[in-house]
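Engineer: Per the numbering used here, residue 120 is the first one in the sequence shown, and the count goes up by one each step. Can you read through this structure? Questions will come right after.
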Amino acid sequence: MPIISVIKNNSLGNTLCSKVPYEDFNNGSQLIVSEYEEALFMKDGVIEWVFGPGKYTLTTQNYPFLTKFVSNIVSGGVSAYNCKVYYINKAHHLELKWGTGTALRVIDPTWGIEVHVQARGAYSAAVQDSKKFFLKFVAANINAVEADIVKNFRTAFVQNITDELASYLTSSKEEVLVVCNKKKALADEMLPILNGVLDEYGMELVNFYIESIEVPEDDPCMTRIRELRIKRQEMMFNREQSAADERLKFNLRRESSEADRYVSGQNAQADYERMSIRDQDGNNGWARQEYAETLKTIAGNEGAGGAFMNAGMGLTMGATVGNMVGSMVSGNANGTPLASAAAGVQKKICPKCNAVVPEGMKFCGNCGSPVEQPKPLCPKCGMELIPGMKFCGHCGAPLAVKRICSQCGKEIPEGSAFCGFCGTKYEG
């Protein structure tokens with residue numbers, strides 16, 4: 120076997136571990152390790168050194184461990200050594216497929232029904248520890264390729280994937296069909312767990328993908344779950360409809376209660392006003408109440424108004440009823456309580472509309488005009504004066520008597536003989 124002076128890897132790219140075909144090398148040989156590789160030097164079944172990417176000159180001065188390899192072989196006057204060299208490919212190996220094979224049997228946490236779940240996907244792995252990888256995995260298969268990884272790790276992967284998938288589905292407290300759509304979240308959670316499986320062999324799980332999580336369409340358990348979901352939707356709809364009906368009834372009861380309270384308040388206010396009329400001035404107040412009740416009766420009787428109109432009466436409805444009440448107050452031949460109660464009532468006449476105004480009222484109940492003109496007061500002591508007085512009868516203060524026109528009531532300036540508004544001669 121020839122003695123080699125340059126050591127490098129000439130194997131294919133998909134080979135995880137490659138052995139250099141030669142075992143005898145010159146002292147001072149060149150070792151070339153690519154960026155994605157590591158080189159292992161082994162003697163008598165023991166890995167003595169691991170070289171990372173780079174170019175190395177192998178001499179006993181640079182690497183004292185080579186003294187164990189030196190043999191009695193001499194090539195060109197240079198000492199030689201004997202050992203085995205292995206190259207480990209540390210590049211990522213993408214899209215390694217996995218699948219559950221047979222369906223998983225899990226209990227749906229929402230419905231408590233057993234369902235059958237199938238899952239598949241892919242993963243990518245890389246050598247993390249070349250020495251551990253070589254001793255644990257490559258020792259029995261020197262020329263291992265990607266297919267060997269799938270073959271050797273399939274059982275361990277499927278076992279861990281099924282355990283974690285079943286645990287996730289049952290602990291999520293959601294329907295299996297809902298969890299099946301959370302593939303990325305499940306993959307991210309399972310990646311560190313599955314990484315522990317590869318770590319025993321010096322490998323690292325770089326990526327883990329779940330392509331699909333499915334429940335077979337013909338699964339009778341799935342059919343049962345669909346039926347239960349439909350019933351649940353119907354129950355939810357019925358509950359919402361019942362709640363809407365209850366809200367409507369409540370609102371109607373509340374509106375009815377508010378209307379009743381409003382009517383009660385109005386009735387109470389009317390009762391209070393009637394009592395106020397009665398208590399204000401005795402029998403006279405009772406007559407006004409009867410007057411108001413008569414107005415209400417006529418307003419509710421459409422025929423009454425027509426009878427008044429057919430009789431040709433030009434008076435207003437209020438004046439007509441006022442006369443009716445006046446006649447009731449003036450006297451009753453039959454001696455009714457109304458006649459006896461109103462017998463002693465004194466009446467006034469409104470100076471504006473000529474309506475009857477009960478004693479004690481300061482304003483006309485028909486037109487609202489003041490019934491009496493304000494009495495003059497002494498400007499000094501404020502006491503009430505009698506019209507025509509020239510001096511206050513209480514304090515003796517002289518009074519400036521205004522000259523008032525007897526025709527229009529306007530004031531006539533001092534010294535004028537006629538009214539400047541209507542021309543009437545002043546006779547004061």
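Yeah, the Cβ is synthetic: ideal placement off N, Cα and C, and Gly gets one too.
Nearest CA to the CA of Ala-306: which residue from Ile-332, Cys-483, Arg-372?
Structural biologist: Ile-332
Engineer: Strictly by DSSP, which residues pair up with Gln-149?
Structural biologist: Val-125, Thr-176
Engineer: Any beta carbon of chain C sitting closer than 8 Å to that of Val-334?
Structural biologist: Of the protein chains in the structure, only one exists, and it is not chain C.
Engineer: For Cys-483, which of helix, strand or coil comes out of DSSP?
Structural biologist: Correct three-state label for Cys-483: coil.
Engineer: Can you tell which of Met-309, Lys-162, Phe-144 has its C-alpha closest to the C-alpha of Ala-199?
Structural biologist: Phe-144
Engineer: Going by DSSP in three states, Met-161 sits in which element: helix, strand or coil?
Structural biologist: Taken through DSSP and simplified to helix, strand or coil, Met-161 comes out as strand.
Engineer: With a cut-off of 8 Å, do at least 3 Cβ pairs link the segment 315-324 to the segment 228-237?
Structural biologist: No, they do not touch.
Engineer: So Phe-252 is in the alpha helix (DSSP H); what residue range does that whole segment cover?
Structural biologist: 249-252
Engineer: Please report the distance separating the alpha-carbon of Asp-390 from that of Val-490.
Structural biologist: 28 Å
Engineer: Report yes or no: do three or more beta-carbon pairs, one from the segment 343-361 and one from the segment 218-236, lie closer than 8 Å?
Structural biologist: Yes, the segment 343-361 is in contact with the segment 218-236.
Engineer: Measuring alpha carbon to alpha carbon, tell me which residue in Lys-292, Thr-219, Gln-247, Glu-330 is nearest Ala-275.
Structural biologist: Thr-219
Engineer: Could you tell me whether the Cβ atoms of Ile-166 and Phe-252 are closer together than 8 Å?
Structural biologist: no
Engineer: What residue range is occupied by the uninterrupted beta strand (DSSP E) comprising Gly-315?
Structural biologist: It is not in any beta strand (DSSP E) - Gly-315 instead sits in the alpha helix (DSSP H) that spans 302-318.
Engineer: In angstroms, rounded to a whole number, what distance separates the CA positions of Cys-202 and Met-161?
Structural biologist: 6 Å
Engineer: Taking only three categories from DSSP, how would you classify Met-502?
Structural biologist: coil
Engineer: Excluding five sequence neighbours on each side, which residues of the same chain lie with their C-beta closer than 7 Å to the C-beta of Ala-244?
Structural biologist: His-212, Leu-215, Ile-268, Leu-317, Met-322, Glu-323, Leu-324, Val-325
Engineer: May I ask you to report which of helix, strand or coil DSSP gives Val-475?
Structural biologist: Val-475 sits in a strand when the DSSP states are folded into three classes.
Engineer: Helix, strand or coil for Asn-208? Go by DSSP, reduced to three states.
Structural biologist: Residue state, collapsed to three classes: strand.
Engineer: For Glu-233, write down the residues that DSSP places opposite it in a beta bridge.
Structural biologist: Ile-226
Engineer: Can you tell me whether Val-139 is buried or exposed, with buried defined as 16 or more other CB within 10 angstroms of its CB?
Structural biologist: buried
Engineer: Please identify the residue among Phe-540, Ala-516, Glu-156, Gly-534 whose C-alpha is closest to the C-alpha of Cys-527.
Structural biologist: Phe-540
Engineer: Can you say whether Ile-329 is buried or exposed, counting buried as having 16 or more other CB atoms within 10 angstroms of its CB?
Structural biologist: Label assigned to Ile-329: buried.
Engineer: By the DSSP assignment, the beta strand (DSSP E) with Val-325 in it spans what residues?
Structural biologist: 322-333
Engineer: In terms of residue numbering, what span does the beta strand (DSSP E) encompassing Cys-538 cover?
Structural biologist: In the DSSP assignment, Cys-538 falls outside any beta strand (DSSP E) and carries neither an H nor an E.
Engineer: What's the C-alpha gap between Glu-503 and Phe-510?
Structural biologist: About 12 Å.
Engineer: Following the continuous alpha helix (DSSP H) through Leu-131, name the residue where it begins and the one where it ends.
Structural biologist: Looking at the DSSP string, Leu-131 is not in any alpha helix (DSSP H), and its letter there is neither H nor E.
Engineer: Which residue from Tyr-141, Pro-172, Trp-168 puts its Cα closest to that of Glu-154?
Structural biologist: Closest in alpha carbon position to Glu-154, among Tyr-141, Pro-172, Trp-168, is Pro-172.
Engineer: Going by alpha carbons, who is nearest to Pro-498 out of Tyr-175, Gly-512, Gly-487?
Structural biologist: Distances from the alpha-carbon of Pro-498 to those of Tyr-175, Gly-512, Gly-487 put Gly-512 closest.
Engineer: Could you tell me the alpha carbon to alpha carbon distance between Lys-494 and Met-480, rounded to whole angstroms?
Structural biologist: 16 Å
Engineer: Can you tell me where the alpha helix (DSSP H) with Leu-296 in it begins and where it stops?
Structural biologist: 295-298
Engineer: Skipping 5 residues on each side, what residues in its chain have a beta carbon closer than 7 Å to that of Glu-157?
Structural biologist: If we look at Glu-157 and ignore the five residues flanking it on each side, its Cβ neighbours are Val-169, Phe-170, Gly-171, Ile-207, Lys-209, Ser-249.
Engineer: Express the C-alpha separation of Val-382 and Ser-525 in angstroms, rounding to a whole number.
Structural biologist: 54 Å
Engineer: Roughly how many angstroms lie between the CA atoms of Pro-470 and Gly-484, to the nearest whole one?
Structural biologist: 12 Å
Engineer: Where does Leu-367 fall in DSSP's three states?
Structural biologist: helix
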